[in-house]
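Below is one structure, written out as structure tokens; the observations come after it.
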Amino acid sequence: MDIKLIAIDLDGTLLDDNCLFQEENRKWIRRAMKAGYLVVPTTGRSYQNARYEIFKDFDELPYYINANGTVVTDARTEKVLYTASFPRETARKIYRLCREYRTYIEPYAGRYAYMEQEGIDHLYRSGLPISYCRQLMRTNILCDDMEKMIMEGEYPVSKFHIVCESSQEKERLKERIASIPGLYPISVVAQNIEVVYEKKSKRDGLAFLSEFLGLTRENVMAIGDSSNDMEMLEWAGCSVAMENSAPKVRQAAKYVTDTNNNDGVAKALQRFLKIEKTGGME
Numbered sequence: 026m027d028i029k030l031i032a033i034d035l036d037g038t039l040l041d042d043n044c045l046f047q048e049e050n051r052k053w054i055r056r057a058m059k060a061g062y063l064v065v066p067t068t069g070r071s072y073q074n075a076r077y078e079i080f081k082d083f084d085e086l087p088y089y090i091n092a093n094g095t096v097v098t099d100a101r102t103e104k105v106l107y108t109a110s111f112p113r114e115t116a117r118k119i120y121r122l123c124r125e126y127r128t129y130i131e132p133y134a135g136r137y138a139y140m141e142q143e144g145i146d147h148l149y150r151s152g153l154p155i156s157y158c159r160q161l162m163r164t165n166i167l168c169d170d171m172e173k174m175i176m177e178g179e180y181p182v183s184k185f186h187i188v189c190e191s192s193q194e195k196e197r198l199k200e201r202i203a204s205i206p207g208l209y210p211i212s213v214v215a216q217n218i219e220v221v222y223e224k225k226s227k228r229d230g231l232a233f234l235s236e237f238l239g240l241t242r243e244n245v246m247a248i249g250d251s252s253n254d255m256e257m258l259e260w261a262g263c264s265v266a267m268e269n270s271a272p273k274v275r276q277a278a279k280y281v282t283d284t285n286n287n288d289g290v291a292k293a294l295q296r297f298l299k300i301e302k303t304g305g306m307e
């Protein structure tokens, strides 16, 4: 395998169940970077959150793929290189539907994710890890007029992350969103709904960045755990699913590593990368 780029999902993959970045994974990512591999966080989170919350000690990371592959950013210039967005009227329809339920509504546009004050209580009551909720609060932009942002913001919305208090309401809302042409909502945890336009995925952002850098899929290693990782795992030349993944996600990958709570990312990097004990290339 001629691996040059390593795309790594965050929640459920690099981060443990408390959404924390463990030291062994940190160490092996730094060793991979020192050895000349391009490490690219590839996540459902916003650029602002991944860059300044999770990877705040990794200033040297040059690229980020965010919002389920709908945004690619050059971290050195903070220029958005690629975005795949909803038509603004479609985004407004999603937002108005969500307002009928007890939801936390988090639209992603460009490098940022946005939120409304009234939705924050719904997020904390949803049962998601408190550490995860606090991470979002530290980087999301509080928006006084979200509908105006959706219709007039600098970047069109590329993803909605919706968190519901009630599982029954979530299923009903998910059905109603799916009835809008071009929308295929998914859930990666029990409480949430994630929506991008048409069937865009992390594969699209990863394919764009690979072509932009003159790489092929055979040069890409992808590591993930969830349904929003499946397409990139099927696409990448070397694909690794976490042991904590659902069976269908493990089937989409060529290999399986340990769990996110047991340094599965570090073990995958040890297995597939050509890194000497000193951290250099073999």
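Residue numbers (our numbering): 26 to 307. Just so you know, even glycine gets a beta-carbon here, dropped at the ideal spot from N, CA and C. The structure displayed is predicted, hence computed values, not measured ones.
Residue burial annotation: K81 is exposed, with fewer than 16 other C-beta atoms found within 10 angstroms of its C-beta. Within the model, the alpha-carbon separation for D27 versus A60 is close to 14 Å.
Taking C-beta atoms as the reference points, A291 and N50 count as a pair closer than 8 Å. Per the DSSP secondary-structure output, V220 pairs in a beta bridge with F185. Secondary structure note for T115: its alpha helix (DSSP H) is the uninterrupted segment 113-123. With respect to N269, N285 sits close: the two C-beta atoms are nearer than 8 Å. For the pair R56 and Q295, the Cα-to-Cα distance works out to about 10 Å.
For G289, the enclosing alpha helix (DSSP H) stretches over residues 289-297.
Assigned with DSSP and collapsed to three states, T282 falls in coil, not helix or strand. Between the alpha carbons of E172 and N287 lies a distance of about 42 Å. Between E196 and the set C123, G207, L45, F237, the nearest pair of CA atoms involves C123. Take D99, set aside five residues on each side of it, and the residues of its chain with a beta-carbon closer than 7 Å to its own are P87, Y88, L106, in chain order.
Per DSSP, G249 lies in no alpha helix (DSSP H) segment; the continuous beta strand (DSSP E) that holds it begins and ends at 245-249. According to DSSP, N91 shares a beta bridge with V96. Judged by beta-carbon spacing, L45 lies within the 8 Å limit of S156, meaning their Cβ atoms are closer than that value. Contact between C263 and F297 holds, since their C-beta atoms are separated by about 6 Å, short of 8 Å. By the criterion of a C-beta distance shorter than 6 Å, K199 is surrounded in its chain by P210, I218, once the five residues flanking it on both sides are discounted. DSSP places Y157 inside the alpha helix (DSSP H), whose first and last residues are 155-164. Inter-residue distance for T95 and G249 is about 17 Å (C-alpha atoms, whole angstroms). If you ignore the 5 residues before and after A75, its C-beta comes within less than 7 Å of the C-beta of L35, P66, T68, Y89, N91, all in its own chain and listed in chain order. The beta carbon of A116 lies closer than 6 Å to those of I175, V182 in the same chain, with the five residues before and after it left out.
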